[in-house]
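In the numbering used here, the protein residues as written are 125 to 463.
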């Protein structure tokens, strides 16, 4: 690990000044991702700005529209078990509980989860080429070991996947990220927060380098009954998703009024196709309709040998998740057997 200085600002304004003054600085909160990357010599900040003591960012508050504002320093555990989150946004609570381990969820923050690096084996191995770690060196995953890699939204420069479960649920719920920087505060819809790799795979988000996350705002609650978060992985705990599906439906009897579907484990960012969701509007819930939606979501999917199985796995997972949501029988994160 390289040598670095550390600052503990007492306000958001001070934190922004610190990172503006030190271009190679990194923010740290729970540290569950950054500390790992520093140990592996992947991240080498010369200055670390500790946000853990900032006031006002560790609360969950009501908004005027009946939604909730989750402060950036709220832990994943606190958010998952908050009674308001469980009642109004059970999809988010379930996704949070599907991630990592209890110990990591206790330390990890909402803002930190948003900013964890999109990554793969090669990104972590400083001895191998990686366009995300060092632009222009190549992407060995395309012809290498790529079981966990992306099948959608890839580029010739990167086929890594975004690891977050929380972000998949936030994409389906159309959350908004509140941030602050030298130019003041702004709002970033979840759909625009993360990026596809394109020709700049080293850039994971559209957050500016001198901006800090303040909170995540959830809109007026919906989808409280007909939802599920289905996570398929190689083992039942402490593993990233091979494929995950956040599905939320508004039902009128057997008909779908509105649908939200987001996938994890398949792309550089949570994957959502609004056109596919529109296909369900006014349709009777059932396998035929769900299969057509899965076809549309996975249009253009490409495997790289070791991960080609993900295309069929994702198709089946979408159908299963929509069936669970329509029936009002969400996947349990305690009993992880697929329902």
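Glycine residues also receive a C-beta, built at the ideal position from the N, C-alpha and C atoms.
Could you name the residues of the same chain whose beta carbon sits closer than 6 Å to that of residue i, not counting the 5 residues immediately before and after it, in chain order?
i	result
residue 326	256 and 259
residue 189	344
residue 382	374
residue 347	372
residue 314	294, 295 and 299
residue 279	321 and 322
residue 164	248
residue 212	345
residue 204	217, 220 and 221
residue 446	371 and 414
Find out if the Cβ-Cβ distance for the pair residue i, residue j is shorter than 7 Å.
i	j	result
residue 169	residue 148	yes
residue 197	residue 184	no
residue 291	residue 321	no
residue 351	residue 215	yes
residue 158	residue 152	yes
residue 231	residue 180	no
residue 303	residue 275	no
residue 435	residue 397	no
residue 166	residue 128	no
residue 389	residue 363	no
residue 210	residue 360	no
Using DSSP's beta-bridge definition, name the partner residues of residue i.
i	result
residue 351	372
residue 313	300
residue 342	192
residue 361	DSSP output for residue 361 lists no bridge partner at all.
residue 318	329
residue 84	Nothing about residue 84 can be reported from this structure: the residues present for the chain run from 125 to 463 only.
residue 308	305
residue 382	374
Excluding sequence positions up to five away, which residues of its chain have a Cβ less than 7 Å from the Cβ of residue i?
i	result
residue 349	452
residue 408	378 and 379
residue 457	218, 221 and 222
residue 498	For the chain, the structure presents residues 125 to 463; residue 498 sits outside this window and is missing.
residue 401	383, 384 and 385
residue 450	350, 373, 375 and 409
Out of the options, which has the shortest C-alpha to C-alpha gap to residue i?
i	options	result
residue 90	246, 253, 296 and 279	Residue 90 is absent from the structure shown; the chain starts at 125 and stops at 463.
residue 415	424, 406 and 440	440
residue 234	280, 250 and 341	341
residue 145	131, 156 and 157	131
residue 339	306, 389, 248 and 187	187
residue 239	278, 249, 289 and 362	289
residue 176	310, 167 and 136	136
residue 324	242, 126, 150 and 205	242
residue 444	212, 433 and 411	411
residue 423	365, 364, 164 and 277	277
residue 254	284, 437 and 213	284
residue 269	212, 437 and 432	432
residue 316	301, 286 and 126	301
residue 437	450, 399 and 387	387
residue 406	419, 310 and 376	376
residue 236	252, 207 and 182	182
residue 367	309, 442, 250 and 207	442
residue 353	297, 126, 206 and 310	297
residue 286	244, 308, 174 and 251	244
residue 156	199, 195 and 126	199
Residues in its own chain within less than 8 Å of residue i by CB, not counting five upstream and five downstream?
i	result
residue 463	448, 453, 455 and 456
residue 334	140, 143, 144, 305 and 306
residue 399	420
Does residue i get closer than 7 Å to chain E when you measure Cβ to Cβ?
i	result
residue 289	Among the chains of the structure shown, chain E does not appear; only one protein chain is present.
Three CB pairs or more closer than 8 Å across the region 387 to 398 and the region 320 to 334: yes
The region 130 to 145 in contact with the region 224 to 242 per 3-pair CB rule at 8 Å: no
Meets three-Cβ-pair contact criterion under 8 Å: the region 426 to 445 and the region 262 to 270: yes
The region 288 to 306 touching the region 361 to 372, judged by at least three CB pairs closer than 8 Å: yes
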